[in-house]
Amino acid sequence: MRGFVNPYNFIRFPKEKAKAYEDTDIHTGVIEYTVTTKTPLFIPNSSSDHAFKESEVKDHKSYDFFSYTELETDRTYDNEYHVPVIPGSEIRGVVRQVYETLTDSCMGILNVDAYPVKRTMGQFKPALIHRTINGKLELLNADSYRIEMACGEKEDGSERYSNGTIVYFNRIRPGGLIKYYSFSKDGDFNGSGCLIKWGMGCRKKRYHIFAGKNAQSPEERSLSKDVIERKLLPVIESYLSQPNVSSLNEKAYQEYKQDLQLFLKEKGEGYFPVCYSKLGNEILYLAPAVFSKEISDHNIETLAGSFSPCKEEVCPACDLFGYVRKNNENCKGSKVRFSDMYVIEKLDVKEYYLNSRITLQNLGEPKLGNVDFYLKRPAGAQFWTYDYYYADQKLSVYPGELRGRKFYWHHQKVNLPKNIVPVNLNKTVRMVKEGIEFSGKLYFESISQKQLDQLIWILNSGTEGLGLKLGGAKPLGMGSIMCSVDRVTERRITVDDGKIKYILDEADQFDDITYESVGFSNTVKKEFYKIAGLKTVPADVEITYPKENEQKGKLLDEGYKWFTNNLTFVTGGMVRNRESMKISEALPQILDQDFSLPYNDKPVKKNSYKNNGRNGKYGTRPAGRIG
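Counting in numbering that gives the first Met the number 0, the sequence shown runs from 0 upward without gaps.
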């Protein structure tokens with residue numbers, strides 16, 4: 000292999016979603032099965048998020064493993080251990096995801112209303128949101144001017160003025176520096192505009208003024224409050240949610256957000272500064288800065304297509320596991336119930352655990368903006384997003400294609416650094432060690448023989464050297480489990496001589512239940528077997544979020560570097576358009592012979608998106624981790 004293996008990959012979607020089975024036979028009973036931990040396992044006892052006295056860091060969280068002990072929030076449990084339990088809800092979620100995948104079902108748990116946010120180098124234009132006297136909203140072109148008001152300096156009075164405050168000045172060339180201005184109409188000024196104070200804290204040398212052009216500002220398009228909130232607020236939130244956002248930046252972002260929300264609530268004529276970008280007449284982006292992030296025009300439901308959660312005609316998974324739709328408008332009961340799982344071997348309680356506790360590195364949240372991982376690369380595309388791609392010197396608008404269903408690779412070796420400093424972005428946890436066995440039961444009612452056999456195969460997949468992923472910290476190798484079925488008991492009800500009898504049929508041999516015999520998908524078999532294989536990734540290959548050569552084998556504390564260097568530019572000088580961008584490496588396919596990625600060490604070009612650990616030319620740095 001040429002480098003490292005990313006912790007996750009995607010099993011592709013089939014051509015179409017399957018429909019619920021029409022089998023009419025009915026089976027009721029219980030599957031008894033065993034789960035064996037192949038790597039350390041962590042499932043939090045959420046009754047306390049300060050279970051250990053680990054750090055003086057105020058917001059650092061620590062969790063004991065799940066148990067039936069209700070932890071007290073006013074004490075810690077450093078030297079106190081409890082018998083671990085795997086909640087039925089946890090194993091249910093794992094089995095459902097696998098069942099959805101192998102039966103070509105929908106993705107039942109999906110944040111359908113989310114709109115991915117992606118940074119690009121397209122240069123946005125200054126504009127003003129104009130609220131007319133009758134309350135209508137419209138977007139007007141504007142000129143941008145620098146103002147002799149240093150960012151964040153209290154002595155110059157800037158703290159008193161909000162985004163959108165009217166500033167009076169004498170017009171000069173757009174982009175020029177205005178030294179003399181007033182916040183009142185007093186004085187002989189021939190121009191006015193709106194103050195914009197977005198971002199960068201004190202690193203930004205000066206604020207700006209957005210003013211209507213000398214000529215009548217042409218109307219770009221009519222807007223609505225809903226459109227503005229959908230296209231602008233998530234972009235602001237993406238800045239606020241960045242790890243290690245500075246207090247100055249956070250204050251500036253919050254101020255802009257609050258000023259915008261206040262503007263949208265007010266009545267009467269008014270103006271508010273914003274930046275915009277258009278792709279033809281099809282897509283409008285709004286942002287708080289000239290170089291910024293853009294929010295997709297398509298939400299996850301649209302991007303998932305037919306594999307978004309079922310609405311009317313249900314898939315095999317929804318038919319078996321049930322569903323509850325948005326606002327509880329539609330629901331279907333489950334035909335299966337998972338019990339909690341209990342340790343089989345009776346040990347001294349402390350012996351179930353890997354150690355007293357350990358602080359994990361920060362893993363962050365899934366970063367859908369990493370299109371080089373989450374989206375299929377359009378044919379010949381040099382750059383692509385959820386809305387468009389650039390290929391053959393042409394920018395094409397299209398809805399991006401999701402790569403598929405997310406699965407994690409299994410680690411043969413798990414190396415947990417023991418010197419991680421507790422901070423507010425990571426957590427300290429107590430983990431069950433590998434080799435611990437848990438027993439559980441799956442109760443089924445009124446399901447078909449086909450559905451029963453499918454469940455048996457999944458819960459017996461460990462006999463084929465396949466593993467499932469359970470609990471937290473999966474990217475670090477945690478949560479690999481092997482499942483095996485011990486016994487299946489069916490309950491039949493008969494009437495004999497007018498008396499109701501319950502007959503229990505037991506089976507403990509399942510050799511004739513195979514992947515093919517239960518009717519699982521031919522499309523995904525090879526991919527599932529490969530990524531679920533406990534020994535697919537060689538033990539000497541590093542499974543990690545992307546690293547540069549200098550980070551190889553080390554704790555990843557600057558996860559943005561690889562992605563920064565993976566984005567190159569095909570033109571020199573200042574990057575001002577989307578056509579200049581190029582993604583070098585995309586996530587390999589599961590079935591690729593070499594499914595690794597290279598450690599890169601390409602230098603960041605002088606005028607490209609440079610990140611020096613602070614706020615660079617084009618805004619704040621990407622998150623240190625992806626998920």
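C-beta: ideal position from N, C-alpha, C; glycine also.
- Closest option to T119, judged by alpha-carbon separation, among N423, I294, K405 and R402: I294.
- Proximity to L554 across L415, R74 and V422 peaks at L415, based on C-alpha coordinates.
- Beyond the five residues adjoining it in sequence on each side, V29 comes within less than 6 Å, by CB distance, of K440, Y442 and T488 in the same chain, given in chain order.
- Within the same chain, Cβ atoms closer than 7 Å to the Cβ of S483 are found at Y32, T33, N459, G461 and T462, the five residues on either side in sequence being excluded.
- Only residues of its own chain outside the window of five on either side were considered, and among them S447 and Q448 have a CB closer than 8 Å to the CB of D24, listed in chain order.
- Selection Y528, I589, R324 and T513 evaluated against N110 yields R324 as nearest (Cα-Cα).
- Distance between S338 and C314, taken at the CA atoms: about 24 Å.
- In chain order, C105, M106, G107, C314, A316 and R404 place their CB closer than 8 Å to the CB of E99, counting only its own chain and leaving out the 5 sequence neighbours on each side.
- Annotated as distal: L467 and N8, with beta-carbon spacing of 8 Å or more.
- The beta carbons of Y275 and L285 sit about 5 Å from each other, so the pair counts as a contact at 8 Å.
- For T131, same chain residues with a beta-carbon under 8 Å away, outside a window of 5 residues either side, are E137 and E268 in chain order.
- Annotation: the stretch 72-109 contains the following complete segments of the alpha helix (DSSP H) (minimum length 4 residues), in chain order: 87-101.
- Counting along the chain, the unbroken alpha helix (DSSP H) around R229 starts and ends at K224 to L239.
- Beta-bridge partners of M481 (DSSP): T35.
- In this structure, the beta-carbon distance from I502 to R486 does not fall below 8 Å.
- In the three-state reduction of the DSSP assignment, K524 falls in the helix class, which pools H, G and I.
- The beta-carbon separation of D77 and F41, rounded to 17 Å, does not stay under the 8 Å limit for a contact.
- Out of V4, Y20 and R205, the CA that lies nearest to the CA of G518 is found in Y20.
- The beta carbons of Y397 and Y387 sit closer together than 8 Å.
- Here the alpha carbon of L222 sits roughly 11 Å from the alpha carbon of G134.
- Here D600 is near E549, since their CB atoms are less than 8 Å apart.
- Boundaries for D452: no beta strand (DSSP E) harbours it, while the alpha helix (DSSP H) harbouring it runs Q448 to L458, taken from the DSSP string.
- In this structure, the straight-line span from the alpha carbon of Q588 to that of L367 is close to 18 Å.
- For T535 against H409, the beta-carbon gap comes to about 7 Å, under 8 Å, which counts as contact.
- Counting other Cβ atoms within 10 Å of its Cβ, N329 stays below 16 and is therefore classed as exposed.
- In the assembly as shown, S45 is an exposed residue. Its beta-carbon has fewer than 16 other beta-carbons within 10 Å.
- In the displayed model, G304 falls within a helix according to three-state DSSP.
- In this structure, DSSP gives K546 a state outside helix and strand, which the three-state scheme calls coil.
- By alpha-carbon distance to K525, the top candidate from L374, D58 and L101 is L101.
- By the beta-carbon neighbour count (other beta carbons within 10 angstroms, threshold 16), V569 is exposed.
- For T488, DSSP records a beta bridge to V29 and E505.
- Its chain contains I235 as the residues whose beta carbon lies nearer than 6 Å to that of K256, once the 5 sequence neighbours on both sides are disregarded; these appear in chain order.
- K581 is bridged by DSSP to T567.
- The DSSP-derived three-state label of V116 is strand.
- The shortest C-alpha to C-alpha distance from S181 to any of R172, D187 and V166 is the one to V166.
- Exclusion of the five residues before and after L394 leaves L278, Y387, Y388, R577 and E578 as the residues of its chain whose Cβ lies within less than 8 Å of its Cβ.
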